[in-house]
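Enquirer:
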Amino acid sequence: MKKTFSFAHPKKQRPRVADAIKHELKKYIKRERNKALPDEMDFWDFDCRFGADEASSGVIHVSEINKVIAEAHDEGLDTFFLEVLAKPAKRTKKPESEKEVESFLE
Numbered sequence: 003m004k005k006t007f008s009f010a011h012p013k014k015q016r017p018r019v020a021d022a023i024k025h026e027l028k029k030y031i032k033r034e035r036n037k038a039l040p041d042e043m044d045f046w047d048f049d050c051r052f053g054a055d056e057a058s059s060g061v062i063h064v065s066e067i068n069k070v071i072a073e074a075h076d077e078g079l080d081t082f083f084l085e086v087l088a089k090p091a092k093r094t095k096k097p098e099s100e101k102e103v104e105s106f107l108e
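The sequence shown begins at 3 in the numbering used here and counts up one residue at a time.
As structure tokens, then:
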């Protein structure tokens with residue numbers, strides 16, 4: 003999904019439009035995660051970009067989507083660009099050094 007979202011709406015207040023945008027993105031991510039995975043893949047990963055427009059957008063993590071939308075709302079931006087692209091991915095094993103640290107902390 004590549005889309006430029008706008009906070010302007012003739013009948014809705016700005017906070018409700020922000021909530022509607024978050025809900026639309028949540029539905030899109032859920033729909034993509036429910037699609038069948040290709041063989042040998044474990045989960046759906048997402049490449050996300052956010053910015054005032056497409057040219058100035060930067061890479062973000064999928065878990066930061068709600069935060070950046072709230073920041074755009076608080077900053078008073080009229081529009082913003084958001085790109086969320088699904089890609090199949092395979093889980094990797096943790097390196098041995100990380101396993102040792104985790105077992106030490108337990």
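Even glycine gets a Cβ: it sits at the ideal position worked out from N, Cα and C.
#1: Between Lys24, Asn68, Asp44, which has its C-alpha nearest Lys95's C-alpha?
#2: Suppose the cutoff is 7 Å on Cβ atoms and the five residues either side in sequence are ignored; what does the same chain contact list for Lys29 look like?
#3: On the CB-based measure, 16 or more other CB atoms within 10 Å of its CB, does Leu27 come out buried or exposed?
#4: Buried or exposed for Val86, please, with buried defined as at least 16 other CB atoms from any protein chain shown within 10 angstroms of its CB.
#5: Report yes or no: do three or more beta-carbon pairs, one from the segment 42–57 and one from the segment 18–25, lie closer than 8 Å?
Expert: In brief:
#1: Numbered from its first residue, the sequence shown carries residue 95 at position 93. Residue Asp44 is the option with its Cα nearest to Lys95.
#2: Here residue 29 refers to the residue found at position 27 of the sequence shown. Correct list: empty, nothing qualifies.
#3: As a working mapping, residue 27 is identified with position 25 in the sequence shown. Classification of Leu27: buried, given that the 10 Å Cβ count is 16 or more.
#4: The sequence position of residue 86 within the sequence shown is 84, counting from 1. Under this definition Val86 is a buried residue.
#5: no
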